[in-house]
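A.B. asks: One structure, as structure tokens, below. Some questions next.
Protein chains: 2
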Amino acid sequence: MSESNRYRPQPAMVLVRPQMGENIGGAARAMWNFGLERMRVVAPRDGWPNQKAVAMASGAGRLLDEAGHFATTAEAVGDCSFVFATTARQRGLTKPVVSPERAMQMAAEKIAGGEKVAVLFGPERAGLENDDIALANAIISVPVNPEFASLNLAQCVLLTAYEWRRAGAEITHETVEMAKTDWASGIEMEKLAAHYEERLEEAGFFFPPTKAEGMKINLRNLWSRMRLTRADVQMLHGVMRQMVRWKETAERSPRD
Amino acid sequence: MSESNRYRPQPAMVLVRPQMGENIGGAARAMWNFGLERMRVVAPRDGWPNQKAVAMASGAGRLLDEAGHFATTAEAVGDCSFVFATTARQRGLTKPVVSPERAMQMAAEKIAGGEKVAVLFGPERAGLENDDIALANAIISVPVNPEFASLNLAQCVLLTAYEWRRAGAEITHETVEMAKTDWASGIEMEKLAAHYEERLEEAGFFFPPTKAEGMKINLRNLWSRMRLTRADVQMLHGVMRQMVRWKETAERSPRD
């Protein structure tokens with residue numbers, strides 16, 4: 014891996030609701046230490062741009078200048094077909110859980126096949142929320158000491174970037190053959206999820222109200238796990254549209 | 014690696030002439046994050062013990078309490094039969110240079126064979142001196158971005174400790190976090206597919222007739238690709254039942 018990474022496609026590192034500017038800057042340095050340069054920032058607590066982040070980033074300041082700034086996690090991964098979420102805790106959501114090494118191997122394979130990949134990192138204290146994790150296709154779990162799991166944001170980014178570099182070192186001269194599948198993008202998945210959620214809301218599916226939020230997260234989690242093609246997404250839109258049409262026809266032609 | 018590392022022999026992490034107490038504390042945290050607890054400190058600039066180190070170490074303070082304190086690097090590795098030195102620069106010394114991964118695999122093998130192993134980390138700015146490196150049997154080189162190699166002391170310790178843990182871990186590439194549910198069986202998937210097909214048939218989804226067979230195959234193919242849990246299957250049955258109920262309610266209460 015002697016040539017620059019600059020023109021090699023790479024995953025986006027998405028900092029979700031980061032709090033301290035210093036940590037954003039530290040994350041930028043950690044990324045650039047291993048040749049990653051595509052940062053995205055979702056709703057940073059102290060606004061954007063952030064002077065403390067710039068001060069801390071020093072030699073990696075360019076990453077902050079070029080970083081994408083988004084209001085929501087869904088928008089930040091809208092163009093991505095595969096999303097990883099980093100999390101320390103078990104979440105009660107059914108998702109593949111992979112090591113950082115395996116994750117970055119997967120990322121390298123997918124990116125070589127033309128896909129766009131993102132990795133989500135949560136805020137310093139609380140970590141990612143289940144709403145964020147529901148957008149992810151897989152979870153990255155760092156094998157920390159169960160007695161002491163205190164990785165900070167920049168360290169978590171550092172380990173991920175390190176594994177990205179390791180994965181690239183191994184596959185640089187290897188071409189990955191991928192079946193030419195047109196995976197649905199994050200935006201397409203988001204629209205599908207929203208379509209179902211809206212219609213099912215009208216149909217009274219999310220009942221009782223106390224359970225509605227959990228049901229919605231489970232449903233979104235299901236979509237994100239599915240890895241749908243564009244054709245699949247069109248078919249599932251069609252299924253829902255047809256059910257609504259059926260109901261509307263019934264309204265106009267009552268049985269009794 | 015479910016049982017504690019505490020009684021598993023492990024390499025000593027030797028901080029040579031560290032300057033900032035904060036970095037010593039950060040190194041302790043980095044070590045304990047991955048189950049390493051044997052720290053040795055050589056001639057720390059600000060004396061020993063160091064209150065700033067203690068403050069920074071928080072949950073890993075025990076490592077500092079138990080750390081060995083030495084006047085010279087030679088004394089610090091006096092009981093070790095194999096010594097690694099971490100360094101970013103080429104030193105013009107003929108020594109094997111290994112990756113952190115390979116180094117910790119070697120360390121694990123040697124320790125399993127009854128040897129004592131140490132890893133040297135240099136001071137923040139200057140790194141190890143050639144006198145220190147001369148004591149080492151091999152050099153660990155972290156594959157950083159040649160355009161930006163700015164790993165700090167705690168980060169370098171972190172990556173080494175991470176690789177130690179990986180070397181010791183059983184290779185579990187992928188697990189799936191299951192939210193109190195099992196994967197659906199083939200029979201359950203078949204019933205789900207049949208339920209959707211039947212209702213969508215009634216709803217007039219498979220239209221025109223010439224395309225119906227292909228649409229059915231695509232839909233079944235989609236289900237079979239999905240890897241659903243029992244909970245997912247129940248939810249998807251519920252989605253369809255609710256859409257039918259909505260339509261039936263509409264029939265009984267016509268809009269016009």
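Taken in sequence, the protein lines are chains A and B. Just add 13 to the spot in the first sequence (first one is 1) and you have this note's numbering. Just add 13 to the spot in the second sequence (first one is 1) and you have this note's numbering. Glycine residues also receive a C-beta, built at the ideal position from the N, C-alpha and C atoms.
Which of helix, strand or coil does DSSP assign to VAL29 of chain B?
C.D. replies: strand
A.B. asks: Determine the chain A residues that contact SER163 of chain B at a beta-carbon separation under 9 Å, and present them in chain order.
C.D. replies: Simply ARG42, TRP45, ASN46, SER71, GLY72 and ALA73.
A.B. asks: Can you name the residues of chain B whose CB is closer than 9 Å to the CB of LEU141 of chain A?
C.D. replies: Under the 9 Å cutoff, chain B gives no residues; its nearest Cβ is about 14 Å from LEU141 of chain A.
A.B. asks: Got a sec, what are the start and stop residues for the alpha helix (DSSP H) PRO113 of chain B sits in?
C.D. replies: If you look at PRO113 of chain B, you'll find it in the alpha helix (DSSP H) that goes 113-125.
A.B. asks: Among B:PHE95, B:VAL170, B:CYS169 and B:LYS204, which residue has its Cα nearest to the Cα of ASN150 of chain B?
C.D. replies: B:PHE95
A.B. asks: Along chain B, in chain order, which residues have C-beta atoms closer than 7 Å to that of ASP245 of chain A?
C.D. replies: LEU235
A.B. asks: Cα-Cα, which of B:THR99, B:ALA56, B:PHE97 and B:ALA101 is closest to ALA80 of chain B?
C.D. replies: B:ALA56
A.B. asks: Locate the alpha helix (DSSP H) running through THR262 of chain A, then write down its first and last residues.
C.D. replies: Element bounds for THR262 of chain A: 243-265.
A.B. asks: Apart from the five residues on each side of it in sequence, which residues of its chain come closer than 6 Å, Cβ to Cβ, to LEU117 of chain B?
C.D. replies: At residue 117 of chain B the sequence reads Met, which differs from the Leu that was named. Answer for MET117 of chain B: GLU176, TRP177 and ALA180, listed in chain order.
A.B. asks: Quick one: what's GLY81 of chain B bridged to in DSSP?
C.D. replies: Note: GLY81 of chain B sits in a beta bridge opposite B:ARG53.
A.B. asks: Quick check: is the beta carbon of LEU213 of chain A nearer than 8 Å to any beta carbon in chain E?
C.D. replies: As a matter of chain content, chain E is missing from the structure shown, whose protein chains are A and B.
A.B. asks: Which complete alpha helix (DSSP H) runs does the segment 197-222 of chain B hold, if anything under 4 residues is left out?
C.D. replies: DSSP runs (the alpha helix (DSSP H)) wholly in the segment 197-222 of chain B: 199-215.
A.B. asks: Is the distance from the Cβ of VAL252 of chain A to the Cβ of LEU213 of chain B below 8 Å?
C.D. replies: LEU213 of chain B sits close to VAL252 of chain A, with the two beta carbons spaced by under 8 Å.
A.B. asks: For ASN158 of chain A, does the three-state DSSP call read helix, strand or coil?
C.D. replies: strand
A.B. asks: For PHE134 of chain A, which residues does DSSP report across the bridge?
C.D. replies: A:LEU28
A.B. asks: If you draw a straight line from the C-alpha of LYS224 of chain B to the C-alpha of PHE97 of chain A, how long is it?
C.D. replies: 37 Å
A.B. asks: May I ask you to report which of helix, strand or coil DSSP gives LYS65 of chain B?
C.D. replies: helix
A.B. asks: Mind checking which residues open and close the alpha helix (DSSP H) that includes ALA87 of chain A?
C.D. replies: 86-89
A.B. asks: Identify every residue that forms a DSSP beta bridge with THR99 of chain B.
C.D. replies: B:ILE153
A.B. asks: Under a CB-based cut-off of 8 Å, is GLN168 of chain A close to chain B?
C.D. replies: yes
A.B. asks: For ALA216 of chain B, which residues in chain A fall below 8 Å Cβ to Cβ?
C.D. replies: GLN255, MET256, ARG258 and TRP259
A.B. asks: Please state whether DSSP places LYS129 of chain B in a helix, a strand or coil.
C.D. replies: coil
A.B. asks: If we call anything under 8 Å between Cβ atoms a contact, is VAL29 of chain B one with LEU171 of chain B?
C.D. replies: no
A.B. asks: Excluding five sequence neighbours on each side, which residues of the same chain lie with their C-beta closer than 8 Å to the C-beta of ALA87 of chain A?
C.D. replies: Contacts found: LEU148, GLY199 and GLU203.
A.B. asks: Taking the alpha helix (DSSP H) that ARG42 of chain A falls in, what are its first and last residues?
C.D. replies: 34-46
A.B. asks: Classify ALA68 of chain B as buried or exposed, calling it buried when 16 or more other Cβ atoms lie within 10 Å of its own Cβ.
C.D. replies: When all chains shown are included, ALA68 of chain B counts as exposed.
A.B. asks: Can you name the residues of chain A whose CB is closer than 9 Å to the CB of ASN231 of chain B?
C.D. replies: ALA244, ASP245 and MET248
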